[in-house]
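Accompanying notes for the structure given below.
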Amino acid sequence: MDYLAKLAEGFINLFNLGGATFLSWVTGIIPTLVVLITFVNALISIIGEERMDGFAKACGKFFLLRYTVVPVIAMFVLCNPMAYTFGRFVEEKHKPAFYDAAVSFCHPITGLFPHANAGELFVYLGIANGITALGLSLSPLAVRYFIVGVIVILIRGIVTERLTLRFMKKGEG
Amino acid sequence: MHKAVRISKGRGGWGGPLIIQPTDEKNMIVSVTGGGVDPIAQKIADMTGAVAGDGFTTGIPENRIAAVVIDCGGTARCGVYPRKRIPTVNLMATGPSGPLAKYITEDIYVSGVNAEDIAPADAQETAGIVREAPVPAEARSGAGKSQDAVTRIGKGVGAVVGKFFQAGRDTIEMVIKHILPFMAFVSMIIGIIQGSGLGDVIARTISPAAGSLPGMIVISFICAIPFISPILGPGAVIAQVVGVIVGEQIAKGAIRPSLALPALFAIDAQVGCDFIPVGLSLGEAEPDTISAGVPAVLFSRMITGPIAVIIAYIFSIGLY
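First to last, the sequence lines map onto chains A and B. Going by numbering that gives the first Met the number 0, 116 is the number at position 117 of the first sequence; the sequence numbering is gapless. Going by numbering that gives the first Met the number 0, 248 is the number at position 249 of the second sequence; the sequence numbering is gapless.
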């Protein structure tokens with residue numbers, strides 16, 4: 000009998016712990032998140048997506064901007080997954096590399112701008128929760144995640160561009 | 000001559016029924032199910048006399064597509080084709096969800112479909128199916144009339160307030176549909192890890208390996224292997240769960256906090272690998288570009304995945 004009672008207690012304890020975690024997130028993360036995302040959504044809709052089009056087209060010509068500024072702006076303004084529609088502003092042979100750069104930024108951006116990919120926050124938040132639990136500030140991690148993200152998408156863009164050209168040639172031959 | 004079929008929603012499914020009627024121009028049934036032609040796509044093609052194609056490895060021009068077969072559990076993909084007004088058959092029982100949920104309507108989308116939900120269509124059903132983008136309801140009347148200043152200011156303020164209100168509505172919908180469900184799911188996992196002692200097991204066995212630079216490089220490389228990465232991708236669910244487990248280990252002290260940065264890249268080398276053809280078609284890429292682009296991105300990750308971890312490791316010096 001004691002054994003059964005222990006078992007039941009252990010079982011419900013799993014969900015009490017989970018419930019405590021859930022409560023801490025709902026009160027600790029959601030309120031700021033809601034207000035922040037509302038603000039950015041409103042800002043984007045007031046600026047208007049169309050105004051970014053000309054800018055993106057101009058930047059798409061230079062490889063340094065094509066795999067840094069353009070995907071970052073696309074992700075910020077259009078969010079995941081509509082950011083990939085900015086691919087139409089780059090040359091055909093650069094589209095896979097642009098996609099690679101843009102999609103690789105859909106998590107590094109969430110540290111600072113969670114609105115951009117609110118459905119997949121826990122790649123960052125999961126790890127960030129560990130930092131919070133230690134009583135450390137998240138800002139240095141969020142900033143570095145963003146910066147390293149930009150460097151990584153540039154490298155990804157360059158490597159994927161090379162590989163795309165190679166696979167395209169193979170397709171012809 | 001192509002025959003029409005009627006596809007109804009399956010158990011727990013949503014939307015439909017759809018009448019699929021291929022024509023000489025639109026004669027492809029495209030399967031975007033992570034490689035290969037799904038048997039359901041093949042069955043629709045066989046019954047209609049259309050051709051089944053693999054939309055994951057080969058690009059197919061949109062104007063040739065009669066219908067798309069997908070297996071999306073509610074992330075981005077299930078809205079992409081409805082948005083383009085291409086009839087969409089989802090094998091998973093997913094209703095309107097994801098960032099493009101508003102485009103998922105009953106006249107263009109059906110989900111939870113099994114083989115027995117596909118039947119030949121009656122003659123009267125096939126008559127008069129039109130699939131054009133819906134005409135915007137509001138027609139501007141009275142435009143061009145001069146308005147006095149007060150009216151214009153009033154309208155301007157109204158428009159801005161309207162935008163803020165809509166932004167709030169979108170945000171709450173996002174929180175309810177995506178963030179809260181994920182928090183519930185992840186809280187459950189955390190409860191089980193913490194309460195069952197599984198966390199200690201992970202801390203003793205996996206963390207020493209995962210909490211070092213060589214270990215993380217190996218993880219990123221495995222995540223980036225071209226036949227593994229598309230499986231790990233959808234909805235970033237796996238990356239998110241692994242992220243939570245790593246976070247738990249950081250909280251326990253089993254992994255150094257500064258390693259959070261390289262870990263973020265190590266667990267995410269596969270990001271978007273499941274979505275390449277869809278992402279490229281959103282960027283209006285030609286079919287040939289998609290054919291070359293899918294392997295290019297997949298192989299690029301084997302190189303750039305580990306590089307990303309190393310760069311992040313260097314940048315983590317001095318962090319915490």
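Virtual Cβ for every residue (Gly too), placed ideally from N, Cα, C. Computed from a predicted structure; not experimentally measured.
Interface flag, A/GLU8 vs chain B, CB-CB below 8 Å
Cβ-Cβ to chain B under 8 Å: no for A/GLU8.
List in chain order: all unbroken beta strand (DSSP E) runs of 3+ residues lying wholly within the stretch 124–172 of chain A.
Counting whole runs of 3 or more residues, the stretch 124–172 of chain A contains no beta strand (DSSP E) stretch at all.
Count Cβ pairs between the stretch 298–314 of chain B and the stretch 216–223 of chain B that sit closer than 8 Å; are there 3 or more?
Taking a cut-off of 8 Å on C-beta distances, the stretch 298–314 of chain B touches the stretch 216–223 of chain B, as three or more cross pairs fall below it.
For B/PHE264 and B/LYS308, believed in contact at Cβ under 8 Å, the rounded distance
Per the sequence presented here, residue 308 of chain B reads as Val, with Lys not at that position. Right, their Cβ atoms sit about 5 Å apart.
Could you tell me the alpha carbon to alpha carbon distance between A/MET81 and B/GLU105, rounded to whole angstroms?
C-alpha separation (whole angstroms): 22 Å.
Between B/TYR108 and B/GLY167, is the Cβ-Cβ spacing less than 8 Å?
No, Cβ-Cβ distance for B/TYR108 and B/GLY167 is not below 8 Å.
Neighbour flag for B/GLN248 against chain A, beta carbons, 8 Å
Yes, its Cβ sits closer than 8 Å to a Cβ of chain A.
Only counting the same chain, and skipping five residues up and downstream in sequence, which positions put a Cβ closer than 7 Å to that of B/LEU231?
Closer than 7 Å at the Cβ level, and outside the excluded window around B/LEU231, lie CYS222, ILE237 and GLN269.
Taking the alpha helix (DSSP H) that A/ASN12 belongs to, which residues open and close that run?
Looking at the DSSP string, the run of the alpha helix (DSSP H) that includes A/ASN12 is 1–27.
B/MET27 - containing alpha helix (DSSP H), residue span
Annotation for B/MET27: no alpha helix (DSSP H) segment contains it, though the beta strand (DSSP E) segment containing it runs 27–31.
Could you check whether B/ILE191 and A/HIS13 sit closer than 8 Å to each other, using their CB atoms as the reference points?
Note that residue 13 of chain A corresponds to Leu in the displayed sequence, not to His. It is a contact, given that the beta carbons lie within the stated cut-off.
Cβ of B/GLU283 within 8 Å of Cβ of A/ARG65?
No, they are not a contact pair.
Where A/SER138 meets chain B, residues with beta-carbon distance less than 8 Å:
Within chain B, no residue comes near A/SER138; the closest Cβ sits about 11 Å away, beyond 8 Å.
Would you call the CB atoms of B/SER110 and B/LYS176 closer than 8 Å?
B/SER110 places its beta carbon 8 Å or farther from that of B/LYS176.
Opposing strand residues paired with B/VAL67 [DSSP bridges]:
For B/VAL67, DSSP records a beta bridge to B/VAL29 and B/THR87.
For B/VAL79, the three-state DSSP class (helix, strand or coil)
Here B/VAL79 sits in helix by DSSP.
Residues of its chain near A/PHE145, where Cβ-Cβ distance is below 8 Å and the 5 sequence neighbours each way are ignored
Closer than 8 Å at the Cβ level, and outside the excluded window around A/PHE145, lie PRO107, ILE108, GLY110 and LEU111.
Alpha carbon to alpha carbon, how far is A/THR131 from B/ILE189?
When rounded, the separation of the alpha-carbon atoms in A/THR131 and B/ILE189 is 15 Å.
Taking 8 Å as the limit between beta carbons, can you name the residues of its chain near A/VAL122, skipping five residues before and five after?
Annotation for A/VAL122: HIS106 and THR109 place their beta carbon closer than 8 Å to its own, counting only its chain and skipping 5 residues before and after.
The ligand ATP and B/SER110: does the residue's C-beta get closer than 7 Å to at least one heavy atom of that ligand?
Ligands are entirely absent from the displayed structure, and the ligand ATP is therefore not among its contents.
For chain A, find out if any of its Cβ atoms is closer than 8 Å to the Cβ of B/THR170; answer yes or no.
Closer than 8 Å: yes.
Rounded straight-line distance, which links the Cα of B/CYS71 to that of B/PRO286
Cα-Cα distance, rounded: 22 Å.
Short of 6 Å in beta carbon distance, which residues of its chain neighbour B/PRO135, apart from the five on each side in sequence? Order them along the chain.
Reliability of the predicted coordinates at B/PRO135 is poor, the pLDDT of 43 falling under 50, and no value is obtained from them.
Report the neighbours of A/ASP99 on chain B: residues whose CB is nearer than 7 Å to its CB, in chain order.
The contacting residues are VAL296 and SER299.
Just the Cα atoms here: how many angstroms apart are B/ILE227 and A/LEU3?
One C-alpha to the other measures close to 43 Å.
Less than 8 Å between the C-beta atoms of B/MET187 and A/GLY17, yes or no?
For B/MET187 and A/GLY17, yes; Cβs fall inside 8 Å.
What are the boundary residues of the alpha helix (DSSP H) that A/ARG50 is part of?
Membership of A/ARG50 in the alpha helix (DSSP H) is indicated by the continuous run 49–58.
Can you find a C-beta in chain A that's less than 8 Å from the C-beta of B/GLU283?
Yes, B/GLU283 lies at the interface with chain A (some Cβ there is under 8 Å from its Cβ).
Where A/THR20 meets chain B, residues with beta-carbon distance less than 7 Å:
Within 7 Å Cβ-Cβ: SER186, ILE189 and GLY190.
Mind checking A/SER136: buried by the 16 CB within 10 Å criterion, or exposed?
With fewer than 16 Cβ atoms within 10 Å of its Cβ, A/SER136 is classed as exposed.
Leaving aside the five residues before and after B/ALA259 along the sequence, list all residues of the same chain whose C-beta is less than 7 Å from its C-beta, in chain order.
Only ILE249 meet the Cβ criterion.
Whole runs of the alpha helix (DSSP H) within the stretch 235–271 of chain B, excluding any shorter than 4 residues
With a minimum length of 4 residues, the continuous alpha helix (DSSP H) runs that stay inside the stretch 235–271 of chain B are 236–251 and 259–265.
Name, in chain order, the residues that DSSP records as bridge partners for B/GLY161.
DSSP lists no bridge partner for B/GLY161.
Taking DSSP as the reference, what is the three-state secondary structure of B/VAL4?
It is a strand residue.
Assuming B/ASP199 is part of the alpha helix (DSSP H), what are its boundary residues?
B/ASP199 -> alpha helix (DSSP H) spans 197–204.
In or out: A/PRO113 buried (at least 16 other Cβ within 10 Å) or exposed?
A/PRO113 counts as buried, since at least 16 other C-beta atoms from the protein chains shown sit within 10 angstroms of its C-beta.
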